[in-house]
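Participant: Let me give you the structure first, and then I'll get to my questions.
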Amino acid sequence: MSRFDGKVALVTGAGSGIGAACAARLAAEGACVGVADLRSAAAKSTAAAIRARGGTAMAIACDVSEEVQAAAAVADLVGSFGRLDVLHSNAACLDPDVYGRDGDLADLDVGVWDRTMAVNLRGAMLMVKHAVPAMGSGSAIVITSSLSGYLGDVDHAAYGTSKAALTGFVRYVATMYGSRGVRCNAVAPALVMTEAARLALGPSRLADKAAERLLPWPCEVEDVAALVAFLASDEARCVTGQSLVIDSGTSAHRPEHAIHTWQGLE
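In terms of my numbering, the sequence shown opens at residue -1 and continues consecutively.
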């Protein structure tokens, strides 16, 4: 497919995981891609991999929580390729010293809450703020939310709250800029089987996650990339202001289903 021939895309948090897969997918379909990440070496690695497969990509070091850097990322990309058609705001704070400390609220370091909101929520706002002026009619914004923004849990309240806020944010962006022909949607994955997730969860918790799913297979980064590419493409030209859950059926059933699976009744 070549749905993005002649178009320019900017993907944040693209040094690894979902972001890297989305950058690769957009490039494979013809887009010139700006690969933005806080980790300069990771951004360069993703961009180099895209170029090795015949695509066009440039690496951009960017902390999306800093407005000067967010503005510079957009300016650098537009300066290099002359336009901006797709923004995939994917960056999230998953560092062990932040996400790993996002536990019981009674013991939560306020700095963990603030850094989570700064990257996950303010970062998305800043990228949209500076991307929209460079976008013309037919452009698209896709933001990575999470199933954690829909369901409560016993930890990661800061992360989940930031992702819940993004669901509302996309509606405001869609409403503000729809008349200009700019669409905005979100994807909300459940567990995505990145290498980091496999290492962090271990066999026991991965088995618990499998029991929650309706489908036999988990979500891979390529599955999310396919959905992001669809939402960014003209095929989704009438889809805006929406948050699409991609979770292999995790949220589609009553808790009894998972309980019965754990008990070996199904």
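Positions of the beta carbon are idealized from the N, C-alpha and C atoms, including for glycine.
For ILE139 and VAL117, which I take to be in contact (beta-carbon distance under 8 Å), what is that distance rounded to the nearest angstrom?
Facilitator: Not a contact, Cβ separation roughly 17 Å.
Participant: How would you call ILE48, buried or exposed, if buried means at least 16 neighbouring beta carbons within 10 angstroms?
Facilitator: Buried, by the Cβ-count rule.
Participant: By the DSSP assignment, the beta strand (DSSP E) with MET56 in it spans what residues?
Facilitator: First-last of the beta strand (DSSP E) with MET56: 54 to 59.
Participant: Is the beta carbon of THR238 closer than 8 Å to that of ARG181?
Facilitator: Contact: yes.
Participant: Taking the C-alpha atoms as reference points, what is the distance between VAL219 and ALA19?
Facilitator: Each residue's alpha carbon lies about 6 Å from the other.
Participant: One question on the structure: do ILE257 and CYS217 come within less than 8 Å of each other, judged by their Cβ atoms?
Facilitator: No, these two residues do not count as a Cβ contact at 8 Å.
Participant: Using only alpha-carbon positions, find the residue among LEU225, ARG37 and ALA122 that is nearest to ALA69.
Facilitator: Answer by Cα proximity: ALA122.
Participant: In chain order, what residues of the same chain lie with their CB nearer than 7 Å to the CB of MET(-1), ignoring the 5 residues before and after it?
Facilitator: Result list for MET(-1): GLU27, in chain order.
Participant: Just confirm the distance between the C-beta atoms of VAL62 and ALA22, as a whole number of angstroms; I'd bet it's less than 8 Å.
Facilitator: Incorrect: roughly 20 Å between the Cβ atoms, too far for contact.
Participant: Give me the residue from GLY77, ALA186, ALA155 and ALA132 with the minimum Cα distance to VAL168.
Facilitator: It is ALA186.
Participant: In whole angstroms, what separates the C-alpha of ALA57 from that of HIS255?
Facilitator: Approximately 45 Å, taken between the alpha carbons.
Participant: Is the stretch 73 to 87 touching the stretch 97 to 114 in the sense that three or more CB pairs, one from each, lie closer than 8 Å?
Facilitator: No, the stretch 97 to 114 does not touch the stretch 73 to 87.
Participant: In the DSSP output, what is VAL96 paired with across the bridge?
Facilitator: According to DSSP, VAL96 bridges with nothing at all.
Participant: Under 8 Å between the Cβ atoms of ILE16 and VAL190?
Facilitator: Contact flag set, yes.
Participant: What would DSSP say about ALA132, mapped onto helix, strand or coil?
Facilitator: Helix at ALA132.
Participant: Going by DSSP, name the residue or residues bridged to VAL140.
Facilitator: HIS86 and ASN183.
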